[in-house]
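Letter by letter, the sequence shown follows residues 257 to 692 of the numbering used here.
Ideal Cβ positions, reconstructed from N, Cα and C, are used throughout, including at glycine.
This report refers to the structure that appears directly beneath it.
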Amino acid sequence: MGLASSLNAGVMGLNVNATKLNTISDNIANSETFGYKRADAQFSSMVLDQSAGTYTAGGVRSATFKDVAAQGALLGTNNSTDISVSGGGLLPVTSVQGVNNASGDRPLLLTPTGSFATDQDGLLRTLSGLYLMGWPANPDGTVSVPGRDSPAGLEPVNVLRNQFAAAPTSNISLGVNVPSTETRAGAAGATFDLPIAYFDNLGASQTLTVTFEPSIPPTGSSNTWRVSFFDQAGDPTTAVAQVDITFDDSQTNGGSIATGGVVPVAGTTYDVDEGTLTINVASGPIDIEIGSPGDGGPLTQLAATYSPVGITKDGAPIGSFDRVEIDDNGRLQAIFDNGFRRTIYQIPIANVPNPNGLTAVDNQAFELSQDSGAVFFWDAGTGPVGTTVGFSLVESTTDIAAELTQLIETQRAYSTNAKVVQTVDEMLQETTNIKR
């Protein structure tokens with residue numbers, strides 16, 4: 257090959273260093289682009305067949321890639337739908353063209369971060385046209401995952417489907433102390449009424465009145481109370497449930513419910529392991545927590561005054577949609593003006609065996625490729641993937657100082673390869689001059 261191989265190697269050197277310069281230029285240009293993953297070029301030598309006493313220059317070739325596995329720093333923002341992945345993995349998104357497609361026909365794109373905002377249809381999207389995707393939650397906040405090895409079950413996140421919300425009350429903790437003196441012989445037999453507000457399945461506030469009526473024996477102490485429940489949403493004069501509760505006055509479990517001390521009279525059942533009564537009000541069943549025998553609460557009978565000090569309940573009145581936030585586990589929650597929160601989507605984190613094998617596309621997004629391997633969707637914070645962080649964006653992984661250093665090195669390498677080409681040209685010119 258002679259001088260021709262040297263000329264070829266010099267030209268190849270110019271080409272690969274030009275490619276290296278392209279990656280450096282791209283990195284510097286995107287040094288302030290959120291979610292940008294720096295590009296890099298790696299060189300590898302080419303060796304031609306050699307014979308004894310000669311050497312033929314094979315040259316060099318380059319391979320470029322995006323360092324998708326590199327982690328950028330998180331930058332805090334004041335927007336709850338600025339979402340980032342802290343750790344491994346990428347967020348699933350789709351393009352403008354894929355929003356209206358059927359589930360299996362949407363193009364899957366992946367991105368490390370996004371400044372999402374609602375569009376005119378209530379879909380969360382970035383200004384560049386990437387739509388966030390997730391698994392929709394059931395009305396009770398649970399998520400049914402159709403499959404983790406396919407994006408078929410993912411759909412664009414739409415927050416306008418949750419403009420109003422109400423949570424019916426399903427659990428009430430009856431933290432009350434009734435006075436032990438009222439169940440002794442000769443007591444006045446005072447009845448205590450306790451009104452408790454609850455929320456029905458339409459978000460309206462209703463009242464459940466609990467009446468404690470002591471049982472007074474001729475002698476001694478009965479430690480027994482007739483507890484009645486009146487639902488003001490129905491017939492307020494007729495108890496929807498009644499139960500007799502007997503308390504223990506022993507030194508060991510004094511004040512707590514006695515073993516076998518809960519006897520349903522009408523309209524209720526008692527779960528001794530859970531310590532709950534189940535009653536039916538107009539809007540459905542409610543579990544009333546009174547405690548298990550011997551556990552000391554929440555319902556007690558001690559030598560103190562009547563004290564309803566620990567009444568707690570779940571549920572919320574009707575509320576209007578305010579905003580959405582995401583937690584560390586990828587649960588996207590709708591927050592309403594009454595303080596109620598409801599999980600509306602689960603945003604999974606996508607992971608592939610070879611992140612650097614993903615194909616880069618516009619807007620800091622990536623596509624699956626043969627080199628990347630198949631995708632698998634994890635719950636955030638589990639397996640090999642990181643957590644989801646709201647109010648944050650991932651900064652570019654470009655290090656300006658390192659890029660400028662490589663820029664100088666690339667310039668020198670390019671100049672040196674140009675010198676090789678110039679030298680070979682001069683030597684070929686000398687060879688041509690031999691004929692003169």
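Beta-carbon proximity check, residue i vs residue j, cutoff 7 Å
i	j	result
residue 612	residue 325	yes
residue 313	residue 265	yes
residue 487	residue 464	yes
residue 336	residue 579	yes
residue 454	residue 494	no
residue 553	residue 343	no
residue 617	residue 369	no
residue 521	residue 498	yes
residue 347	residue 320	no
residue 535	residue 496	yes
residue 459	residue 582	no
residue 359	residue 408	yes
residue 383	residue 349	no
residue 431	residue 567	yes
residue 371	residue 396	no
residue 332	residue 648	yes
residue 393	residue 399	yes
residue 656	residue 569	no
residue 385	residue 416	no
residue 680	residue 259	yes
residue 672	residue 277	no
residue 413	residue 380	yes
residue 565	residue 548	no
residue 639	residue 610	no
residue 280	residue 620	no
Same chain only: Cβ atoms within 8 Å of residue i, ignoring 5 sequence neighbours per side
i	result
residue 272	297, 299, 316, 317, 318
residue 632	404, 405, 606, 607, 608
residue 559	435, 436, 437
residue 477	436, 439, 440, 441, 505
residue 304	257, 261, 312, 313, 314
Which of helix, strand or coil DSSP assigns to residue i
i	result
residue 377	coil
residue 322	strand
residue 417	helix
residue 681	helix
residue 389	strand
residue 659	helix
residue 614	coil
residue 540	strand
residue 451	strand
residue 295	strand
residue 301	strand
residue 623	strand
residue 517	strand
residue 383	coil
residue 261	helix
residue 433	strand
residue 651	coil
residue 563	strand
residue 281	helix
residue 465	strand
residue 725	This structure does not reach residue 725, given that the chain is present from 257 up to 692, and the question cannot be answered.
residue 546	coil
residue 399	strand
residue 609	coil
residue 686	helix
Bridge partner(s) assigned by DSSP for residue i
i	result
residue 423	572
residue 603	BP columns for residue 603 are empty, so no partner.
residue 365	349
residue 224	Beyond the ends of the chain as shown, which are 257 and 692, falls residue 224; an answer cannot be given.
residue 412	389
residue 526	533
residue 428	544, 569
Residues near residue i by beta carbon distance below 6 Å, same chain, minus five either side
i	result
residue 556	433, 511
residue 472	443, 445
residue 294	283, 323, 653, 654
residue 637	584, 585, 643
residue 482	469, 500
residue 479	439, 502, 503, 505
residue 518	501, 526
Min CB distance residue i to chain C below 7 Å
i	result
residue 334	Checking the listed chains, one finds no chain C in this structure; it contains a single protein chain.
Sequence-distant residues of its chain with Cβ nearer than 7 Å to residue i (five each side left out)
i	result
residue 596	421, 423, 572, 575
residue 601	390, 391, 392, 393, 413, 588
residue 705	The question about residue 705 has no answer, for the chain in this structure spans 257 to 692.
residue 485	464, 466, 495, 496, 497, 535
residue 683	259
residue 286	292, 652, 654
**Asked** Considering only residues of the stretch 310 to 363, which uninterrupted beta strand (DSSP E) runs meet the minimum length of 3 residues and lie entirely inside it, listed in chain order?
**Response** 316 to 322, 330 to 332, 338 to 342, 347 to 350
**Contained beta strand (DSSP E) runs [length at least 3] in the stretch 472 to 504, N- to C-terminal order** = 480 to 487, 497 to 503
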